[in-house]
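Peer 1:
Number of protein chains: 2
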Amino acid sequence: MSQEMFQKERTLKMRERLIGQSCRLFFPQDPVKIVRARGQYLYDENGTQYLDCISNVHHVGHCHPLVTQAASAQMELLNANARFLHDNIVHYAERLAATLPKKLCIFYFVNSGSEANDLALRLARQYTRNEDVIVLDHAYHGHLTSLIDISPYKFRKLEGQKEWAPLPDTYRGLYRRDHPNPGQAYADTVKDLIDEAQRKGRKISSFFVESLPSVGGQVILPSGYFPKVAEYVRAAGGVFVADEVQTGFGRVGSHFWAFQLQGEDFCPDIVTMGKPMGNGHPLSCVVTTEEIAGAFTANGVEYFNTFGGNPVSCAIGLAVLDVMEKEDLRGNAVRVGNHLKELLKQLQAKHPIIGDVRGVGLFVGLELVKDRVTLTPATEEAALLVGRLKMKHICLSTDGPWNSVIKFKPPMCFSLEDAERVSAEISHVCESDYCTSVFLQNLKMPPTRNNRNNSPVYMQPANLLMRLIAKLE
Amino acid sequence: MSQEMFQKERTLKMRERLIGQSCRLFFPQDPVKIVRARGQYLYDENGTQYLDCISNVHHVGHCHPLVTQAASAQMELLNANARFLHDNIVHYAERLAATLPKKLCIFYFVNSGSEANDLALRLARQYTRNEDVIVLDHAYHGHLTSLIDISPYKFRKLEGQKEWAPLPDTYRGLYRRDHPNPGQAYADTVKDLIDEAQRKGRKISSFFVESLPSVGGQVILPSGYFPKVAEYVRAAGGVFVADEVQTGFGRVGSHFWAFQLQGEDFCPDIVTMGKPMGNGHPLSCVVTTEEIAGAFTANGVEYFNTFGGNPVSCAIGLAVLDVMEKEDLRGNAVRVGNHLKELLKQLQAKHPIIGDVRGVGLFVGLELVKDRVTLTPATEEAALLVGRLKMKHICLSTDGPWNSVIKFKPPMCFSLEDAERVSAEISHVCESDYCTSVFLQNLKMPPTRNNRNNSPVYMQPANLLMRLIAKLE
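Line by line, the protein sequences give chains A and B.
Residue 402 in the UniProt record's numbering sits at position 402 of the first sequence, with consecutive numbering throughout.
Residue 206 in the UniProt record's numbering sits at position 206 of the second sequence, with consecutive numbering throughout.
Below, the structure is given as structure tokens:
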């Protein structure tokens with residue numbers, strides 16, 4: 001297969017002409033054309049190698065040969081739909097069940113994290129017969145109509161008038177690390193929302209939460225938060241849905257699922273999974289309890305998902321689990337994640353702009369602030385850093401409400417050397433004269449204000465980057 | 001790859017234990033385990049071959065080697081997400097654009113027909129700023145929360161209190177083949193709904209319709225219907241959405257898209273596509289006009305679909321188009337579809353139970369009736385026929401509001417000989433004494449009644465079949 005069909009300029013023009021512009025590119029002012037990838041490395045049309053720190057989907061490494069082989073072998077043999085009996089779907093469900101608390105034992109296979117979250121919503125509503133959903137501020141649970149309704153990250157920009165619980169961010173949130181029990185305190189904010197909803201005569205179907213909020217800014221939740229929230233939500237007749245679409249499959253290293261960081265005894269009522277599951281193949285899943293699945297069956301309506309659980313998708317899912325075990329990728333996530341955090345904390349000690357370093361396993365965030373007391377988000381500086389690292393052929397991106405958190409969610413084969421390389425380059429950017437000057441003195445571009453609610457609107461990272469680069473060169 | 005991991009009985013037990021029971025099996029009383037497939041043939045764990053008359057998803061034939069090769073080659077090379085620039089997505093969009101009216105030129109790639117229809121709904125609502133959707137009775141547009149809201153086939157069973165336009169079924173509907181202009185008459189029913197909605201102060205965002213209603217009973221729409229409905233819907237400020245998830249990609253033979261049967265000049269505002277697109281791989285798409293895409297971009301919110309439009313999905317989509325052309329599968333659909341209809345019409349002339357034979361290309365329906373005057377649906381007989389054909393190793397199934405329509409939507413490589421085989425077997429069932437007697441005399445099992453609305457509830461085909469077989473043997 002030829003690696004390039006069109007010259008890059010032509011590809012870009014065709015894309016602008018043919019693909020909806022709501023589908024954005026990375027580095028939109030100077031997009032990267034990637035034609036080949038292996039492990040944690042991407043290659044552009046000239047053969048230039050990029051270190052990939054963000055493709056959490058390509059969990060066991062881009063184009064892992066064992067995954068490709070499993071897919072090809074099954075594609076040659078059979079890819080019928082799941083209305084025929086087949087071994088792969090049941091074998092895969094059994095393998096997944098072995099990673100989960102016993103109570104979570106009924107599986108539904110679908111094609112995307114969004115489909116999984118939508119089905120979770122249907123399960124929760126059918127089981128509880130209630131409608132309302134409580135979510136966290138800045139949450140994102142998918143691109144479907146039903147999910148935008150429960151994703152402040154999206155619907156705020158569209159309507160800006162729904163309610164959500166505060167994000168339990170102990171770095172800059174309502175209760176911080178100096179609070180004696182932030183888990184309890186944040187759980188109580190959910191309790192308050194429930195009470196308020198009930199006073200209005202509304203009933204709670206569910207609490208939806210990412211086990212580690214991702215677009216919210218790579219947030220590590222305080223201990224005790226989930227068990228307490230689950231207690232409140234269940235008392236109100238609702239169920240607890242853990243969205244593991246970004247965080248599952250051993251990314252946190254010490255555990256297979258990030259919700260397990262909240263204690264071995266804690267068990268959600270529904271768990272959704274997605275991105276890393278098929279190493280890039282569209283494969284996702286919902287798992288729940290017998291009671292909840294039973295209520296869904298009892299409505300008498302078939303659930304048919306055309307591609308969900310087909311033999312090829314399941315063969316790929318099984319291969320991903322095999323590679324994770326064979327290559328001890330959870331162990332690697334612990335080792336490399338800890339080393340990366342250590343290196344970043346050393347940088348934090350030297351550079352005041354690095355306000356926080358946090359993470360578990362290979363889910364790591366580096367939060368930039370203009371000032372360590374006010375914690376003013378260093379949005380422009382984060383964009384600049386990402387842009388400078390791109391020039392060094394390292395792919396990173398930002399997250400969080402102000403795009404001031406540098407996120408690391410690399411393929412799980414990310415190495416100690418990769419961690420050292422990226423940390424050295426960050427250090428270099430932070431130390432270089434021009435950069436320090438840009439960071440700390442010259443950059444006086446106040447954000448514009450949103451007409452409707454006067455909230456600050458920061459420039460798109462890429463636009464800003466181009467202006468800064470123009471200044472520097 | 002070994003073809004069987006577990007004994008069939010064990011697979012079934014594991015499935016009952018691990019997979020949500022809302023996910024039903026074909027032939028639930030005696031499910032078929034399929035371990036291998038090629039072209040239009042399925043093979044069970046004992047090597048028994050089944051003729052597949054229903055897998056429209058496996059469009060160019062199960063496990064087509066060119067599709068598998070294209071997938072494997074691209075999986076080895078790259079499967080990054082569509083935020084990086086890549087040739088496959090733009091090349092594929094251009095190839096699809098060549099099959100569509102010029103106006104339909106902006107593409108969004110997603111993973112399932114349901115995701116496509118949900119996005120179409122978002123596009124329509126964003127563009128028109130209206131909410132209401134008009135659908136046809138018995139329509140099914142997907143399994144997502146937003147789509148069950150617009151799918152009478154599903155929501156009737158759940159709530160039974162929404163509104164929809166009558167299904168333009170000229171065999172048993174409001175206006176029949178003896179009507180001078182059923183297309184206009186049915187279009188006027190949509191106009192009436194629009195008027196009523198507007199009197200209530202509601203505003204129409206869209207008319208959603210399958211270009212040939214499938215679960216509604218393999219219905220061929222009367223000519224003139226779409227252009228007239230589109231005129232009414234647009235005059236009310238709405239857009240016309242053609243759901244081609246089941247019917248697109250040349251299934252009708254004479255045209256690439258089934259909406260084109262309504263005239264070369266007719267052009268929907270949005271088209272959704274899915275099932276056959278990736279020959280079993282989760283791949284779907286929405287195409288729309290520049291104006292509608294522009295309105296969606298203008299809301300400022302990114303649309304990101306993790307797997308949508310990735311290089312592997314697009315390589316597979318391209319391979320499907322290549323095979324269709326190389327093997328002239330549209331030509332085959334015309335030839336074989338016509339022959340199949342001809343053979344079935346010969347059976348109709350002999351057997352009063354065959355009330356109607358209809359179809360275009362390889363989208364064919366055979367409607368069974370207890371009586372050609374009253375058109376009482378022959379639900380039990382249809383279940384029996386499907387069951388008897390299964391014993392002859394032919395996979396068929398029923399559709400339509402009363403499961404009385406035998407549907408043919410085979411892989412597009414279905415042959416003249418396959419058509420002859422299935423028609424001969426149907427003939428054999430219709431002719432055999434025991435069957436005639438079951439069909440026409442002995443079967444006096446009136447349907448039970450739904451408590452809520454007194455509509456007839458027919459037995460599940462498989463349960464019924466087992467009772468009948470028990471009687472006969």
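Using N, Cα and C, we set each Cβ at its ideal position, and we do this for glycine too.
Name, please, each residue of chain B whose Cβ falls closer than 7 Å to the Cβ of H143(A).
Peer 2: Here residue 143(A) refers to the residue found at position 143 when the first sequence is read from its first residue. Residues of chain B passing the Cβ test: Y303, F304 and N305.
Peer 1: Compare the beta carbon distance of V57(A) and V320(A) with 8 Å and say whether it is the shorter of the two.
Peer 2: By one-based count along the first sequence, residue 57(A) stands at place 57. By one-based count along the first sequence, residue 320(A) stands at place 320. Not closer than 8 Å, so no.
Peer 1: L366(A) lies in the alpha helix (DSSP H); which residues open and close that run?
Peer 2: Along the first sequence, one-based indexing puts residue 366(A) at 366. Unbroken run through L366(A) is the beta strand (DSSP E), F363 to L368; no alpha helix (DSSP H).
Peer 1: Work out the CA separation of A80(B) and H62(A) for me, nearest whole Å.
Peer 2: Numbered from its first residue, the first sequence carries residue 62(A) at position 62. Numbered from its first residue, the second sequence carries residue 80(B) at position 80. Each residue's Cα considered, the two are about 8 Å apart.
Peer 1: Between G238(B) and S206(B), which are expected to be in contact by the criterion C-beta below 8 Å, what is the C-beta distance as a whole number of angstroms?
Peer 2: Position 238 of the second sequence holds residue 238(B). Position 206 of the second sequence holds residue 206(B). Between S206(B) and G238(B) the Cβ distance is about 5 Å, and since that is below 8 Å, they are a contact.
Peer 1: In this structure, how does DSSP classify T379(B) when only helix, strand and coil are distinguished?
Peer 2: Here residue 379(B) refers to the residue found at position 379 of the second sequence. Helix, per DSSP.
Peer 1: Quick check: what's the CA-CA separation for R330(B) versus V360(B)?
Peer 2: Here residue 330(B) corresponds to residue number 330 of the second sequence, with the count starting at 1. Here residue 360(B) corresponds to residue number 360 of the second sequence, with the count starting at 1. Near 11 Å, if we compare the C-alpha coordinates of V360(B) and R330(B).
Peer 1: Nearest to D269(B) by CA position, among F208(B), R36(B), S223(B) and L25(B), is which residue?
Peer 2: Here residue 269(B) corresponds to residue number 269 of the second sequence, with the count starting at 1. Nearest of F208(B), R36(B), S223(B) and L25(B) to D269(B), Cα basis: F208(B).
Peer 1: Could you give the C-beta distance for H59(A) and N305(A), rounded to a whole number, given that I count them as a contact under 8 Å?
Peer 2: Taking the first sequence and counting its residues from 1, one reaches residue 59(A) at position 59. Taking the first sequence and counting its residues from 1, one reaches residue 305(A) at position 305. Not a contact, Cβ separation roughly 22 Å.
Peer 1: Could you tell me which uninterrupted beta strand (DSSP E) segments, each at least 3 residues in length, are contained entirely in the stretch 29-55 of chain B, listed from first to last along the chain?
Peer 2: The DSSP assignment places complete beta strand (DSSP E) segments of no fewer than 3 residues inside the stretch 29-55 of chain B at 34-38, 41-44 and 49-52, in order along the chain.
Peer 1: Can you tell me whether H62(B) is helix, strand or coil according to DSSP?
Peer 2: By one-based count along the second sequence, residue 62(B) stands at place 62. It is a strand residue.
Peer 1: Taking F249(A) as the query, report the chain E residues whose CB atoms sit under 8 Å from its CB, ordered along the chain.
Peer 2: Absent from the structure is chain E; the protein chains it does hold are A and B.
Peer 1: Comparing C-alpha positions only, which one of M75(A), V386(A), M412(A) and A124(A) sits nearest to Q3(B)?
Peer 2: Here residue 3(B) corresponds to residue number 3 of the second sequence, with the count starting at 1. It is M75(A) whose Cα lies nearest to the Cα of Q3(B).
Peer 1: Who are the near neighbours of R17(A) in its chain, counting only those whose CB is closer than 8 Å to its CB and skipping five residues on each side?
Peer 2: Here the question's residue 17(A) lines up with position 17 in the first sequence. Nothing listed; no residue qualifies.
Peer 1: Please check if any C-beta of chain B sits within less than 8 Å of the C-beta of G160(A).
Peer 2: Position 160 of the first sequence, counted from the first residue, corresponds to residue 160(A). For G160(A), the pLDDT reaches just 40, beneath the cut-off of 50, and the residue's location in the model is therefore unreliable, leaving the point undetermined.
Peer 1: With a floor of 4 residues, list each alpha helix (DSSP H) that falls wholly inside the stretch 70-110 of chain B, ordered by position along the chain.
Peer 2: You should have 87-97.
Peer 1: By the criterion of Cβ-Cβ separation under 8 Å, what are the contact partners of V312(B) in chain A?
Peer 2: Position 312 of the second sequence holds residue 312(B). Those are G280 and H281, listed as they occur along chain A.
Peer 1: Run through DSSP, which three-state label would R10(B) get?
Peer 2: One-based indexing of the second sequence puts residue 10(B) at position 10. Note: R10(B) maps to helix in three-state DSSP.
Peer 1: Checking contacts by CB at 8 Å: is T11(A) closer than that to chain B?
Peer 2: Taking the first residue of the first sequence as position 1, residue 11(A) is located at position 11. So, interface residue.
Peer 1: Leaving aside the five residues before and after A37(A) along the sequence, list all residues of the same chain whose C-beta is less than 7 Å from its C-beta, in chain order.
Peer 2: For this step, residue 37(A) is matched to residue 37 along the first sequence. So the qualifying residues of the chain are Y43, H62 and C63.
Peer 1: Measure the C-alpha to C-alpha separation of N442(B) and E381(B) and round it to an integer number of angstroms.
Peer 2: If you number the second sequence from 1, residue 442(B) lands on position 442. If you number the second sequence from 1, residue 381(B) lands on position 381. At N442(B), the pLDDT of 41 sits below 50, so the modelled position is not reliable; the number obtained from the coordinates is stated separately. Each residue's Cα considered, the two are about 11 Å apart.
Peer 1: Who are F208(A)'s beta bridge partners in DSSP?
Peer 2: Within the first sequence, numbered from 1, the residue matching residue 208(A) stands at position 208. Per DSSP, V241(A).
Peer 1: Please determine if the stretch 128-141 of chain B and the stretch 92-102 of chain B are in contact, where contact requires at least 3 C-beta pairs separated by less than 8 Å.
Peer 2: no
Peer 1: Starting from the N-terminal side, write out each stretch of the alpha helix (DSSP H) that is 4 residues or longer and does not extend beyond the stretch 174-230 of chain B.
Peer 2: 182-199
Peer 1: In terms of DSSP beta bridges, what is P23(A) paired with?
Peer 2: Position 23 of the first sequence, counted from the first residue, corresponds to residue 23(A). Checking the sequence shown, residue 23(A) turns out to be Cys, not Pro. C23(A) is not bridged to any residue.
Peer 1: Under three-state DSSP, which class holds H281(B)?
Peer 2: In the second sequence, residue 281(B) corresponds to position 281, counting from 1. Note: H281(B) maps to strand in three-state DSSP.
Peer 1: How far does the alpha helix (DSSP H) with T128(A) in it extend, from its first residue to its last?
Peer 2: On the first sequence, position 128 is the one that residue 128(A) refers to. Where T128(A) is concerned, the enclosing alpha helix (DSSP H) stretches over G113 to T128.
Peer 1: Strictly by DSSP, which residues pair up with G359(A)?
Peer 2: As a working mapping, residue 359(A) is identified with position 359 in the first sequence. Looking at the DSSP assignment, G359(A) forms a beta bridge with V364(A).
Peer 1: Please classify H281(A): is it buried, with 16 or more other beta-carbons within 10 angstroms of its beta-carbon, or exposed?
Peer 2: Numbered from its first residue, the first sequence carries residue 281(A) at position 281. So H281(A) counts as buried.
Peer 1: Output needed for L416(B): all residues of its chain with C-beta closer than 8 Å, excluding positions within five of it in sequence on either side, in chain order.
Peer 2: Residue 416(B) sits at position 416 when you count from the first residue of the second sequence. For L416(B), where only same-chain residues beyond five positions count, the Cβ hits under 8 Å are R335, V336 and H339.
Peer 1: Please report the distance separating the alpha-carbon of S146(A) from that of I148(B).
Peer 2: Within the first sequence, the letter at position 146 stands for residue 146(A). Within the second sequence, the letter at position 148 stands for residue 148(B). Distance between the alpha carbons of S146(A) and I148(B): 11 Å.
Peer 1: A298(A) by DSSP, collapsed to three states: which one?
Peer 2: For the purposes of this step, residue 298(A) is taken as the residue at position 298 of the first sequence. It is helical.
Peer 1: In chain order, what residues of the stretch 195-223 of chain A put their CB closer than 9 Å to some CB of chain B?
Peer 2: Cβ contacts with chain B come from no residue of the stretch 195-223 of chain A.
Peer 1: Do V286(B) and A124(B) count as a contact pair if the criterion is CB distance below 8 Å?
Peer 2: Position 124 of the second sequence, counted from the start, is the residue given in the question as residue 124(B). Position 286 of the second sequence, counted from the start, is the residue given in the question as residue 286(B). Cβ atoms of A124(B) and V286(B): not closer than 8 Å.
Peer 1: Could you confirm whether any beta carbon from chain A is found closer than 8 Å to the beta carbon of V35(B)?
Peer 2: Working through the second sequence from its first residue, we reach residue 35(B) at position 35. Yes, its Cβ sits closer than 8 Å to a Cβ of chain A.
Peer 1: So, is S437(A) buried or exposed, given that buried needs 16 or more other C-beta atoms within 10 angstroms?
Peer 2: The residue labelled residue 437(A) in the question sits at position 437 within the first sequence. With a pLDDT of 47 at S437(A), under the threshold of 50, the predicted position of this residue should be treated as unreliable, and no value is reported.
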